[in-house]
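Just remember that the working numbering sits 155 ahead of the position in the sequence shown, which is counted from 1.
So the structure is just underneath, and the comments pick up after that.
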Amino acid sequence: MTELLSNYVGGRWQPGTGAGTPLFDPVLGTELVRVDATGLDLAGAFAFARDTGGAALRALTYRERAGLLAAIVKVLQANRDAYYEIATANSGTVKNDSAVDIDGAIFTIGQYAKWGDALGDARALRDGEPAKLGKEPVFLSQHVQVPTRGVALFINAFNFPSWGLWEKAAPALLSGVPVIVKPATATAWLTQRMVRDVVEAGVLPAGALSVVCGSSAGLLDQLKPFDVLSFTGSAETAATIRGHDAVARHSVRTNIEADSLNSAVLAPGAAPGSPAFDLLVKEVVREMTVKSGQKCTAIRRILVPEAAYDAAAEAIGARLAKTTVGNPRNESVRMGSLVSRAQLASVREGLQALEGAAQVLHDDRAAPLIDADPQVAACIGPVLLGTRTPDAAQAVHDVEVFGPVATLMPYRDLAHAEALAERGQGSLVASLYGEDAGELARLATALAASHGRVHVITPEVAQAQTGHGNVMPMSLHGGPGRAGGGAELGGLRALDFYHRRAAVQAGPAVLEALQP
Ligand code: NAP
156 MTELLSNYVG
166 GRWQPGTGAG
176 TPLFDPVLGT
186 ELVRVDATGL
196 DLAGAFAFAR
206 DTGGAALRAL
216 TYRERAGLLA
226 AIVKVLQANR
236 DAYYEIATAN
246 SGTVKNDSAV
256 DIDGAIFTIG
266 QYAKWGDALG
276 DARALRDGEP
286 AKLGKEPVFL
296 SQHVQVPTRG
306 VALFINAFNF
316 PSWGLWEKAA
326 PALLSGVPVI
336 VKPATATAWL
346 TQRMVRDVVE
356 AGVLPAGALS
366 VVCGSSAGLL
376 DQLKPFDVLS
386 FTGSAETAAT
396 IRGHDAVARH
406 SVRTNIEADS
416 LNSAVLAPGA
426 APGSPAFDLL
436 VKEVVREMTV
446 KSGQKCTAIR
456 RILVPEAAYD
466 AAAEAIGARL
476 AKTTVGNPRN
486 ESVRMGSLVS
496 RAQLASVREG
506 LQALEGAAQV
516 LHDDRAAPLI
526 DADPQVAACI
536 GPVLLGTRTP
546 DAAQAVHDVE
556 VFGPVATLMP
566 YRDLAHAEAL
576 AERGQGSLVA
586 SLYGEDAGEL
596 ARLATALAAS
606 HGRVHVITPE
616 VAQAQTGHGN
626 VMPMSLHGGP
636 GRAGGGAELG
646 GLRALDFYHR
656 RAAVQAGPAV
666 LEALQP
């Protein structure tokens, strides 16, 4: 029997009382560890986090809590090698892809440590200037932001077991709010190990960080009015969560990051062979293959001027053909596996749905794998689809295939490109490639209404740019509509979610004496 990973709740390690759900190596098919959350006293766990963890964190200043984040960075850095090993074994990712998850997390916590340090010795934040409530400045309104007196429950997706935890935990802990994380079962090991290392290092107050591995059953029932819930995963589960009785009854503040049909748009003037054209091709291939396309921000739809359609299909296909797929332990492999055989089945099913609406332009589905058995491994080569009639092809705007798959489509003019991008009904990110600053700025503003982030690439930023799919802590992560309507990161804006805003109406003496 493999090791049963323990849960950390109520300030102690507690194994579940069931047999456990096994986690697998998606390349070799071997069982790695088991997780189980049966029999946990969840009410006690939430109360301990809320009362003990919350009180201890709120007693600290922002600067002191930023110090806790800096200490977490040190712990994670010291154990980095173990995290890479777990990622290879449990997520089937090559080193570069594991880095997005592991080093991306460490970088994000480090940023919040810096930003938090600059907030200084306060325990609450003033929000704007006092506003007069009458003619004279005798009675005024000052808004303040104070940490919510509840727990932050994170329910996370399988594709970022490390970054998914820390991009949320960094702003939560900095705000003074304790965290309970429930990682997706398939890849829970890395999350659990990181929490274990941080707990064992003793850098956080008791109750500040808890982890529940296994079923989500009963977690949402524990939510109370001042708790917050942050969910990342499929739109379907998101809908169930929104409709949950405790969430609705207690108005639990909820952030949802769901699926997204992100676009890359080549500007009208960018002819095949131009620097902008080449930059789009390179980025599309990178986005399709990084983490085998299992990124919520990955490019799913490629919009090019009609005249560039054939050249784009050829250039993207030629580059995709160089992608070596298989066992991430083999140095010659560029793209590892999907996270599980279940995901492989889901990608194949999604591809079938897209093939009803688009043609196959490049197909490496059956390409030979390096060092991996196609009967066992959850590996699949990249597939580029295309449709010359994108207005009629509803599925390509609707079906998110969470794998190395994207669809190319032509547009007539910029208004058409904008309309097609909006067919995603709200997305996390769109990237634009061109040279005309005015034209790109107009399109960026137009797409800002339906996207959380617009990434604009001109030749002069080619070296400095951070990548279409890379989520930087300085920028907002989230998107309206189908993308879930969430808002994470964006520098200190992320703290809003974990604070309560209130207006204090009083005279100048009281307002000055407010101790933020
Ligand atoms: P999922 O099936 O919705 O699962 C997400 C999480 O919800 C898991 O922890 C899962 O636990 C839990 N869960 C499942 N049913 C639940 C329920 N009834 N109540 C409470 N929790 C429940 O999604 P996934 O397949 O893991 O993730 C892939 C999707 O996530 C993709 O669509 C992708 O676009 C999206 N995603 C979005 C972002 C973003 O930032 N916008 C980032 C990453 C992924 P179990 O694992 O134990 O079932």
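Just so it is clear, CB atoms sit at the ideal spot from N, CA and C, and this is done for glycine as well.
Here the structure is a predicted model, which is why all the values come from computation and not from measurement.
Note to self: So the candidates are E615, E284, D528, P635; which of them puts its Cα closest to the Cα of N482?
What the structure shows: D528
Check: Name the DSSP bridge partner or partners of E643?
Finding: H632
Note to self: With the cut-off set at 8 Å, would you say A675 and A426 are in Cβ contact?
What the structure shows: One cannot answer for residue 675 here, as it falls past the ends of the chain, which runs 156 to 671.
Margin query: Can you tell me which residues form a DSSP beta bridge with M627?
Written below: DSSP output for M627 lists no bridge partner at all.
Item checked: C-alpha distance - L587 paired with V354, whole-angstrom precision -> 43 Å
Item checked: Neighbourhood of N672 by C-beta, 7 Å cutoff - its chain only, sequence neighbours within 5 removed -> The question about residue 672 has no answer here: the residues shown for the chain are numbered 156 through 671.
Check: Can you tell me whether K567 is buried or exposed, with buried defined as 16 or more other CB within 10 angstroms of its CB?
Finding: Reading off the sequence shown, one finds Arg at residue 567, where the question assumed Lys. R567 comes out exposed.
Checklist line | Buried versus exposed, by CB contacts within 10 Å (16 or more), D236 | finding: exposed
Check: Per DSSP, L563 forms a beta bridge with which residues?
Finding: I457, G541
Note to self: According to DSSP, simplified to helix, strand and coil, what is N482?
What the structure shows: coil
Next item on the list: Answer with yes or no whether the minimum CB distance from L602 to chain B is below 8 Å.
Entry: The chain inventory of the structure shown lacks chain B, comprising one protein chain alone.
Note to self: Following a CB-centred definition, is L583 positioned closer than 7 Å to any heavy atom of ligand 1?
What the structure shows: yes
Next item on the list: Kindly give me the distance between the Cβ atoms of W321 and L187, rounded to whole angstroms, as I take these residues to be in contact under 8 Å.
Entry: Rounded, the Cβ-Cβ distance is 22 Å, inconsistent with contact.
Next item on the list: Rounded to whole angstroms, what's the CA-CA distance from G581 to T263? Just pull it up for me.
Entry: 25 Å
Check: Near E158, what residues of its chain come up, given a Cβ to Cβ distance below 6 Å and the 5 sequence neighbours on each side ignored?
Finding: V188
Checklist line | Segments of 3+ residues assigned as beta strand (DSSP E) that fall wholly inside the segment 286-365 | finding: 295-302, 307-310, 334-337
Notebook entry, point to check: What's the call for E643, buried or exposed, on a 16-neighbour Cβ count within 10 Å?
Noted result: buried
Margin query: For a test of the three-state rule: what should DSSP assign to D414, helix, strand or coil?
Written below: coil
Check: How would you call G271, buried or exposed, if buried means at least 16 neighbouring beta carbons within 10 angstroms?
Finding: buried
Check: On the three-state DSSP scale, how would you describe T452?
Finding: coil
Margin query: Here's the rule: buried if 16 or more other CB atoms are within 10 angstroms of the residue's CB, otherwise exposed. What is G511?
Written below: exposed
Item checked: C-beta contact flag for A363 and V334 at 8 Å -> yes
Check: Leaving out five residues before and five after Q169 in sequence, what residues of the same chain have Cβ atoms less than 7 Å from its Cβ?
Finding: S161, N162, L195
Next item on the list: Pull up the CB-CB distance for S365 and A174, whole angstroms please, since I reckon it's below 8 Å.
Entry: Between A174 and S365 the Cβ distance is about 23 Å, and since that is not below 8 Å, they are no contact.
Next item on the list: Over the uninterrupted alpha helix (DSSP H) stretch that includes Q266, give me the two end residues.
Entry: 250-272
Note to self: Taking 8 Å as the cut-off, does the segment 366-383 touch the segment 300-307 (at least 3 CB pairs, one atom from each stretch)?
What the structure shows: yes
Checklist line | Three or more C-beta pairs below 8 Å linking the segment 448-455 and the segment 398-416 | finding: yes
Notebook entry, point to check: Grouping DSSP H, G and I as helix and E and B as strand, with all else coil, what is S246?
Noted result: helix
Notebook entry, point to check: To the nearest whole angstrom, what separates the beta carbons of A574 and A585, a pair I think is in contact under 8 Å?
Noted result: Not a contact, Cβ separation roughly 13 Å.
Note to self: Please state the DSSP three-state secondary structure of E590.
What the structure shows: coil
Margin query: If the criterion is Cβ atoms closer than 8 Å, does the pair G424 and D591 meet it?
Written below: yes
Check: For Q498, is the classification buried or exposed, using 16 other Cβ atoms within 10 angstroms of its Cβ as the cut-off for buried?
Finding: buried
Item checked: Beta carbon of I525 nearer than 8 Å to that of V459 -> no
Notebook entry, point to check: Mapping DSSP to helix, strand and coil, what is A661?
Noted result: strand
Check: Based on the DSSP output, what are the partners of A585 in its beta bridges?
Finding: S418, V609
Item checked: Inter-residue spacing [alpha-carbon to alpha-carbon] between P338 and N410 -> 16 Å
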